[in-house]
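Participant: The sequence shown finishes on residue 180 if you use my numbering, and the numbering steps up by one all the way, no holes.
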Amino acid sequence: MMVEAKPPVEPKLHSLDAVESALNRGDVWSDEVRETMAYFGVNDLWPWFYSISETTGMEASMLIDATGLCYVDWGTVSRVGLNPPEGATIPFQVWTHTHPKGFAYWSVTDKNTLAITSVAKILNKAIVLGKGEMKIAEWCESGAESPLAFDGPLSYWSDESVVFTECGPSPWIEGVDA
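1. Runs of 4 residues minimum, wholly inside the stretch 45-109: which ones carry the alpha helix (DSSP H) assignment?
2. Taking only beta-carbon positions, decide if Lys14 is within less than 8 angstroms of chain D.
3. When we look at the beta-carbon of Met67 and count the other beta-carbons within 10 Å, is it buried (16 or more) or exposed?
4. Would you kindly work out how many angstroms separate the C-alpha atoms of Asp112 and Thr58, rounded to a whole number?
5. Just grab the DSSP bridge partners of Ser160 for me.
6. Suppose you measure from the CA of Asp33 to the CA of Val11; what does that come to, to the nearest Å?
7. Let me know if Cys169 comes out buried or exposed under the rule of 16 or more other beta-carbons within 10 Å of its beta-carbon.
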C-alpha cells in the first residue's frame, strides 16, 4: 500500500501521553508522532527519534529541504525510501532514516539511494540510525576524502565512522507545550 506524501510538519514536542496514545492506536501518521519526531530531529535528539521507530518496528525517515521544512515518512520493517514530497525545495539539507532493532550501516538500498542523489545533486547529508548508534555521510562535489566507494557516484559521499549514542535525559521532563 503506497501512502501519499504528507505535508511538512512543524517540529513540536508533544506530551509523552499524546505520543504513546497515538502509537498504541498504530497511528504513526498522527501530528503528535510526526511533529515530535521532527522536534527530535532538528534538535539532534536522534536516539529519541530512533526509539519511536524501534517501538513501532518500522523504518522512519525525516527529510529537511533547502528551506528547513521537515517531512517525516514511514516505511516497512525493512525499508523506507527517500521520497521527495511535491513542493519541497532542493537540495535537501539532510535525509535521516532508521534501521529499527538493527545497526547503523549503509544497506545496498541506501547506497543506491545515495548514488541517485549524488548524480542528481539533490542531497547534502545522510544519516542512518541503528540501536545505540548512528552513521553519517556527507556529499562533497569534489569527491570525498574517505568515500563510500572509490569510483562512481558513491565516491562523492564520505564514509564516516559509526558514532555511538545514548538517549540521555528524557526530553519530556520539562518544556512540553501539549
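Backbone N, C-alpha and C fix where the C-beta goes; we use that ideal spot for every residue, glycine too.
Facilitator: Inspection of the coordinates gives the following:
1. The stretch 45-109 contains these whole alpha helix (DSSP H) runs: 48-58.
2. Going by chain labels, chain D is absent from the structure shown, which holds only one protein chain.
3. A quick correction: the sequence has Asp, not Met, at residue 67. Buried, because 16 or more other Cβ atoms sit within 10 Å of the Cβ of Asp67.
4. 21 angstroms
5. Note: Ser160 sits in a beta bridge opposite Pro149.
6. 8 angstroms
7. exposed
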